[in-house]
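Chains as they are written, first to last, in my numbering: chain A, 426 to 680; chain B, 435 to 618. Reading through the structure tokens given below for one structure.
What follows is the structure in structure tokens.
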């Protein structure tokens, strides 16, 4: 028995039903991406006022996600103060950068009211306020590379070339010694201090503007994120067409 | 044949580069050159704020140290300074007497090019130079440059000026007569 031809009305109803169903489904599916893209779009529109380009990202997890390596920090206590060094050879006193050191920081000691930061290739004498008084390297006969620094009685002792040396900072003489030395050893860095150092050290490579841009385009999730945002854009196109169709149908029926 | 020529050229080039770098004068040798037969201890020159500003204007970059070491006797002082040529520090030794340079030597050269500045044909130009005046911190005579060693030449000029300036700040810059006049 031949099937009865469909009336134009029933075909229209089916199309309408199809659009209703998919308008809802696609609307729900695209909602999250659309909200995210809208919100980030607003932020990008006002990036100058919000100074996103100048705002460095400080969050460890986000920097790590972007492959920005956190500097390895080493920390020594000097009385009530802290001297830290990073793997870019910058030194910090109580979390504030004060000098560049030739070599890796290996210890801190005190002599004649001055702090002595010992790096593998030089000694930096500084005040407790962080002013560099003098830098002493191999030019001044310092036996390098230094392996350790510490106190031996009232003097300062160094470990280099598998020998211990006592330092005379008046005449810049380094004499081998057998004195018992209390060597400076690294200590755990208080979290607040670590935050302070990272705050000075990190972030210049990654701004919030870049992160918002990547969120907006989906690039933050790699190539898949871009495809997801592309799909959401196509969904938006569908939603606008289906929305118009459904509105037009209703509009015609009312008339 | 071509390979042999290339190898010879490469070896010659590497020898030329390594000939530029090196430690040429030790601290003890410099002291012996400046004060033969003397065993002098280090003197310390403390730098105040205005002097630091003057030093920074000579060097054209910041100068962080609060004190500088030198040797001094009679009216002669000897200084050791480091200054970056192109990328790496060059260690200079400067002997100053009576407000003028007696000698300037390169104690250690670390750059791969420009090491010609250590030869006497170039350093001889600095002998006898002084500062233009107390107010003007520059050399009182021009120094001919060397092609390919412009930055090392510039570094040497800065250090020569710096040593002359620092010499002025020491008690050794005054004549014996003036020094004795200061003794109560």
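Glycine included, every Cβ here is placed at the ideal spot set by N, Cα and C. As the structure is a prediction and not an experimental result, all values here were calculated from the model.
- For residue 521 of chain A, the uninterrupted beta strand (DSSP E) segment begins and ends at 521-525.
- Not flagged as an interface residue toward chain A: residue 489 of chain B, since no C-beta distance is shorter than 9 Å.
- Sorting B/562, B/549 and B/598 by C-alpha distance to the C-alpha of residue 580 of chain B places B/549 at the top.
- Looking at the DSSP output, residue 535 of chain B bridges to B/530.
- Rounded to the nearest angstrom, the gap between the Cα atoms of residue 574 of chain B and residue 595 of chain B is 10 Å.
- The alpha-carbon separation between residue 518 of chain B and residue 542 of chain B amounts to approximately 12 Å.
- Within chain B, the C-beta atoms nearer than 8 Å to that of residue 564 of chain A come from 461, 514, 516, 525, 541 and 542, in chain order.
- Residue-level contact by beta carbon fails for residue 510 of chain B and chain A, as no gap is shorter than 9 Å.
- Residue 521 of chain A and residue 532 of chain B have their C-alpha atoms roughly 43 Å apart.
- When the Cα atoms are used, residue 553 of chain A and residue 535 of chain B turn out to be separated by approximately 37 Å.
- Excluding residues up to 5 positions away in sequence, 465, 505 and 507 lie with their Cβ nearer than 7 Å to the Cβ of residue 474 of chain B in the same chain.
- Residue-level contact by beta carbon fails for residue 484 of chain B and chain A, as no gap is shorter than 9 Å.
- Take the alpha-carbon of residue 467 of chain A and the one of residue 625 of chain A: they are about 29 Å apart.
- In the DSSP assignment, residue 465 of chain B falls within the alpha helix (DSSP H) that extends over 461-468.
- At a cut-off of 9 Å between beta carbons, residue 602 of chain A makes no contact with chain B.
- Minimum Cα-Cα distance from residue 497 of chain B among the listed residues B/529, B/455, B/563 and B/481 corresponds to B/481.
- Nearest Cα to residue 512 of chain A within the set A/654, A/622, A/678 and A/679: A/622.
- Taking a beta-carbon distance threshold of 9 Å, residue 503 of chain B counts as an interface residue toward chain A.
- With its beta carbon at least 9 Å from every one in chain B, residue 514 of chain A lies outside the interface.
- Close to chain B, meaning a Cβ-Cβ distance shorter than 7 Å, are the following residues of the segment 575-604 of chain A: 596 and 597.
- Shown here, residue 592 of chain A sits in a strand according to DSSP, grouped into three states.
- Contact between residue 546 of chain A and residue 570 of chain A holds, with the beta-carbon distance rounding to 6 Å and staying under 8 Å.
- Beyond the five residues adjoining it in sequence on each side, residue 661 of chain A comes within less than 7 Å, by CB distance, of 455 and 459 in the same chain, given in chain order.
- Taken atom to atom, the span from the alpha-carbon of residue 598 of chain B to that of residue 493 of chain A is near 47 Å.
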